[in-house]
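Here is the structure we will look at, set down as structure tokens.
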Amino acid sequence: MTTALSVVRPVPEEGLTAELMAAVTDDFRKLMSFDAEVRVLVFPGDHPLLGAPECPVEGCDKQVFHADSTQGLCAGCAVRHRRSGQSFEEFVATAKRLWRCIGISNCRVPGCARPWKTSRKPLCTAHYYQQQNVHRLPVEEFIHHPDVRPLPGFGPCEVASCLRDRDGQRNRYCTTHAQRRAYELRKGSTLDEETWRLTTPVIAKASEVSLRGLSDRIVAEVLYGLQERLAAGIQQQVYQLRPFCDLVRARQIGSLTELDVSALSRNNRRQAKGLLKHVSRFRMSPETERHKDTWDGAAFGLKGKFHFEEISQPWLRKATQDWAIENIPLRRGAKPQGAIQRQINSIARLSKSLRLNRDDDGMDLTALGRDDIMAFLNRLHYLEEQGEITAGRRSEDARDVRRLLTRMRTLGLTRPGQPLHGLPHDFILREEDVPDDPEDTEAGRDLPVEVMRVLCNHLDDLDTGGTQSRIAVELLIDTGRRPSEICNLDYECLDRDSDGKPVLVYDNHKALRNGRRLPIPEATAALILTQQERARERFPDTPLRKLKLFPSVIANPDGTKAATVNWVTDRHRAWVNSLPAILVPTVIEVEGERVTKMLPFDKDRIFPYAYRHTYAQRHADAGIEPDVLRVLMDHRQLATTQRYYRVGQERRREAIDRVTTMQFDRHGNRVWRTAKALLDSEHARRAVGEVAVPYGVCSEPSNVAAGGHDCPVRFRCVGCGHFRTDISYLPDLEAYLADLLRNRERLAAFAHADGWAKDEAMPSDEEISRVRRLVRRLKEDLDDLTDDDRMKIQEAVTLVRRSRQVVSLGMPRIRQLLPDILPERTA
Numbered sequence: 005m006t007t008a009l010s011v012v013r014p015v016p017e018e019g020l021t022a023e024l025m026a027a028v029t030d031d032f033r034k035l036m037s038f039d040a041e042v043r044v045l046v047f048p049g050d051h052p053l054l055g056a057p058e059c060p061v062e063g064c065d066k067q068v069f070h071a072d073s074t075q076g077l078c079a080g081c082a083v084r085h086r087r088s089g090q091s092f093e094e095f096v097a098t099a100k101r102l103w104r105c106i107g108i109s110n111c112r113v114p115g116c117a118r119p120w121k122t123s124r125k126p127l128c129t130a131h132y133y134q135q136q137n138v139h140r141l142p143v144e145e146f147i148h149h150p151d152v153r154p155l156p157g158f159g160p161c162e163v164a165s166c167l168r169d170r171d172g173q174r175n176r177y178c179t180t181h182a183q184r185r186a187y188e189l190r191k192g193s194t195l196d197e198e199t200w201r202l203t204t205p206v207i208a209k210a211s212e213v214s215l216r217g218l219s220d221r222i223v224a225e226v227l228y229g230l231q232e233r234l235a236a237g238i239q240q241q242v243y244q245l246r247p248f249c250d251l252v253r254a255r256q257i258g259s260l261t262e263l264d265v266s267a268l269s270r271n272n273r274r275q276a277k278g279l280l281k282h283v284s285r286f287r288m289s290p291e292t293e294r295h296k297d298t299w300d301g302a303a304f305g306l307k308g309k310f311h312f313e314e315i316s317q318p319w320l321r322k323a324t325q326d327w328a329i330e331n332i333p334l335r336r337g338a339k340p341q342g343a344i345q346r347q348i349n350s351i352a353r354l355s356k357s358l359r360l361n362r363d364d365d366g367m368d369l370t371a372l373g374r375d376d377i378m379a380f381l382n383r384l385h386y387l388e389e390q391g392e393i394t395a396g397r398r399s400e401d402a403r404d405v406r407r408l409l410t411r412m413r414t415l416g417l418t419r420p421g422q423p424l425h426g427l428p429h430d431f432i433l434r435e436e437d438v439p440d441d442p443e444d445t446e447a448g449r450d451l452p453v454e455v456m457r458v459l460c461n462h463l464d465d466l467d468t469g470g471t472q473s474r475i476a477v478e479l480l481i482d483t484g485r486r487p488s489e490i491c492n493l494d495y496e497c498l499d500r501d502s503d504g505k506p507v508l509v510y511d512n513h514k515a516l517r518n519g520r521r522l523p524i525p526e527a528t529a530a531l532i533l534t535q536q537e538r539a540r541e542r543f544p545d546t547p548l549r550k551l552k553l554f555p556s557v558i559a560n561p562d563g564t565k566a567a568t569v570n571w572v573t574d575r576h577r578a579w580v581n582s583l584p585a586i587l588v589p590t591v592i593e594v595e596g597e598r599v600t601k602m603l604p605f606d607k608d609r610i611f612p613y614a615y616r617h618t619y620a621q622r623h624a625d626a627g628i629e630p631d632v633l634r635v636l637m638d639h640r641q642l643a644t645t646q647r648y649y650r651v652g653q654e655r656r657r658e659a660i661d662r663v664t665t666m667q668f669d670r671h672g673n674r675v676w677r678t679a680k681a682l683l684d685s686e687h688a689r690r691a692v693g694e695v696a697v698p699y700g701v702c703s704e705p706s707n708v709a710a711g712g713h714d715c716p717v718r719f720r721c722v723g724c725g726h727f728r729t730d731i732s733y734l735p736d737l738e739a740y741l742a743d744l745l746r747n748r749e750r751l752a753a754f755a756h757a758d759g760w761a762k763d764e765a766m767p768s769d770e771e772i773s774r775v776r777r778l779v780r781r782l783k784e785d786l787d788d789l790t791d792d793d794r795m796k797i798q799e800a801v802t803l804v805r806r807s808r809q810v811v812s813l814g815m816p817r818i819r820q821l822l823p824d825i826l827p828e829r830t831a
């Protein structure tokens, strides 16, 4: 249709408006068919982020926005399809668009500038009268009749947003707007006509959004924001933007920044936030942000925001901001803003302490002193006691404040003209002011084998969240990598080493060490190959070097954007919560006795990062050397690795209690027959009052003081009264007995030694008898137990042997197999 549009003469643009318009590229204007005088956006139907397919029904010009729920039909045709009772194929083949539709075009008479009446009466009013009452011909014959002449138009509709022509000389509006105005007057509208013309919405047309009637500033904001959202891979549909533009037009505001976003509907709020996000970042830089109370991380190349508004003292807020400006460039990793904000929050707690404890709210920094530091430390203690912060948070807050105050001084912020000028020297935390860290909470975060088996048996339930999420969780379990490392895997992350064994290639973002290589089993490699096929199927045209193994399902038209950790975590949490109760054996005390019951495992402890701890514990249980495990975990420091697999104190104590009930002296007499559990003092004595020796422990004071290197009887332990052993040493005693017997036979057959040397080296019959008696007594007592008690003792033995720190005196090492939590999977 060629309509005589009213030309919107833009006011000469100045300042930000002009710069925003200049930032809108010619390519984007061409994509959206945007003309600065017409001011209409046309969404291309074939664009992956902007378009939508047309309804397949013949004659229907509507678009299909929710194909999954409407079987590929537009909303109206989907309703008619359900009512028809026909199959989809039959409906599409037989249905024709004979119902009322939205749209306008010119009169069918060649050259006529007036609009038609309707799609069924495709002639203007004058020509329709002539066709019906004068010539009485079919439309196709009428439009070619020699007496039929084209007529001039009446000019554009006077509604600001409208693109249509008036339908008569005396009518100021197009037919539809004239009808709408009459209807609203009948309903009691009190809007004066001028206001109504400026605010009434456009007549909707498929694929089009009218920016007519909006201020120049808003047009620039919408165009620029839409362009940037498109560049970010965010889907934008015409049915979402059109009502937002109608709302803005009705408000008659000059800029999107004047909107109260919180009061808008869900769709309009999303549109406003999305557009304003990019408009606010236009011309943004660290220098423009550093003077605000809330910083947009995008100015520093980061995500999220930095909040300083909780720091109420201007001098402290400014000093913290100056520290942040210095600190941000030094940070590494994919998301350092969390660590930075945590330290800002620590200063915010100091700020609140000053506000609560000083009459001047802490505004006069020259009046501060040691008393204010003590008030802050006491407040942290109070918050911990009230349960508002944890013991760890208390230590971190004190440590952060001490470090930041010290750093602020080294940055020169106490010099004249700087925010901390005049701050007393005693307003600082000393080293002894920082509370001790709570006992290590990292160890014990691994998941028990019983829990892992249940999770692996229910992995099929994760398919409801998409196969991608299932494979991501399986890789977390198999590889022990951090969730961010799995989510960001490249498509080409699977390699082979020189022996042809599979290797996972990943980036350690936390330590900024890329291209790390982790040996993996063939079963895990098969998972990756499966996911590669699915990713390639979704994005067949994307170069492999740019494709992600787990492409995001949001704002990702070409597969180059990875799924987020939150996306995997949310689906993992929903899956875990949907599982039935997971029962694990738990030791509890009933009427003074410790018994084992099957109790539900806390599902809050099942989270993606726990699989990394489980991976470490699994390998530690299998006897993997600490240095090897450190390499597998990709840690620089061995101490970091040890935090992942150290046996928890409660588990160790429980295991010690069990094996102690089967403790024997050198004669094979049971020592703790009547003991129900070790006293606290006995547990402490074990830590400092004994030392590990071959096949047991020694409590001889001088040997303990020497760390096991000053034995008066030269390690003839089974003949010493300070020696104790228990069921956990049975494998070592059996190996020792076999060594003694072998050595006796070898010495008896050896002919090239003096008699005194052979007598000295020959194992004595008393030692062999003593060891044989110990082995027999341990086995007999173990055989006397019930099957349930025997199983519990064996589990306790496994745990104690894992945690034992043994002085290396030639004891054999027993290597255990990895627990098979996926027995049905093969390499």
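In this note's numbering, the protein residues as written are 5 to 831. Cβ coordinates follow ideal geometry from the N, Cα and C atoms, glycine included.
DSSP bridge partner residues for residue i (one or two, in chain order)
| i | result |
| --- | --- |
| residue 621 | The partner list for residue 621 (beta bridge, DSSP) is empty, contrary to what the question assumes. |
| residue 300 | 309 |
| residue 597 | 594 |
| residue 552 | 494 |
| residue 67 | 58 |
Same chain, Cβ closer than 6 angstroms to residue i, five either side skipped, listed in chain order
| i | result |
| --- | --- |
| residue 446 | At residue 446 the pLDDT is 49, less than 50, meaning the model places this residue with poor confidence; the figure from the coordinates comes in the next sentence. Only 647 meet the Cβ criterion. |
| residue 782 | 731 and 734 |
| residue 726 | 702, 703 and 704 |
| residue 451 | 614 and 618 |
| residue 374 | 430 |
| residue 653 | Confidence at residue 653 is low in this model, with a pLDDT of 49, below 50, so the placement of that residue should be treated as unreliable; the coordinate-derived value is given next. For residue 653, where only same-chain residues beyond five positions count, there are no Cβ hits under 6 angstroms. |
| residue 458 | 586 |
| residue 427 | 369 and 418 |
Chain-order list of residues whose beta-carbon lies under 8 angstroms from that of residue i (same chain, five-residue window excluded)
| i | result |
| --- | --- |
| residue 88 | 95 and 99 |
| residue 273 | 265 and 266 |
| residue 377 | 430, 431, 432, 433 and 437 |
| residue 244 | 271, 274 and 275 |
| residue 365 | 316, 317, 358 and 359 |
Alpha-carbon spacing of residue i relative to residue j, whole angstroms
| i | j | result |
| --- | --- | --- |
| residue 638 | residue 645 | 9 angstroms |
| residue 557 | residue 567 | 7 angstroms |
| residue 280 | residue 256 | 17 angstroms |
| residue 734 | residue 800 | 13 angstroms |
| residue 195 | residue 295 | 44 angstroms |
| residue 714 | residue 596 | 41 angstroms |
| residue 772 | residue 744 | 7 angstroms |
| residue 393 | residue 438 | 15 angstroms |
| residue 453 | residue 48 | 54 angstroms |
| residue 778 | residue 741 | 10 angstroms |
| residue 334 | residue 326 | 14 angstroms |
| residue 411 | residue 351 | 13 angstroms |
| residue 187 | residue 180 | 10 angstroms |
| residue 259 | residue 306 | 27 angstroms |
Sequence-distant residues of its chain with Cβ nearer than 7 angstroms to residue i (five each side left out)
| i | result |
| --- | --- |
| residue 224 | 21, 24 and 25 |
| residue 203 | 253, 254 and 256 |
| residue 177 | 161, 162, 163, 170 and 185 |
| residue 146 | 135, 139 and 152 |
| residue 474 | 463, 466 and 467 |
Residue i vs residue j beta-carbon contact at 8 angstroms
| i | j | result |
| --- | --- | --- |
| residue 472 | residue 422 | no |
| residue 511 | residue 520 | yes |
| residue 293 | residue 299 | yes |
| residue 523 | residue 505 | yes |
| residue 395 | residue 388 | yes |
Proximity test, residue i beta-carbon vs the ligand PLP heavy atom, cut-off 7 angstroms
| i | result |
| --- | --- |
| residue 57 | Among the components of this structure there are no ligands whatsoever, and the ligand PLP is therefore not found. |
Fill in: Three-pair Cβ contact test at 8 angstroms for the stretch 154-168 versus the stretch 208-226
yes
Worksheet item: With contact counted as at least three CB pairs below 8 angstroms, one residue from each stretch, are the stretch 119-139 and the stretch 73-87 in contact?
Response: no
Worksheet item: Hey, is the stretch 234-251 in contact with the stretch 53-61, meaning 3+ C-beta pairs nearer than 8 angstroms?
Response: yes
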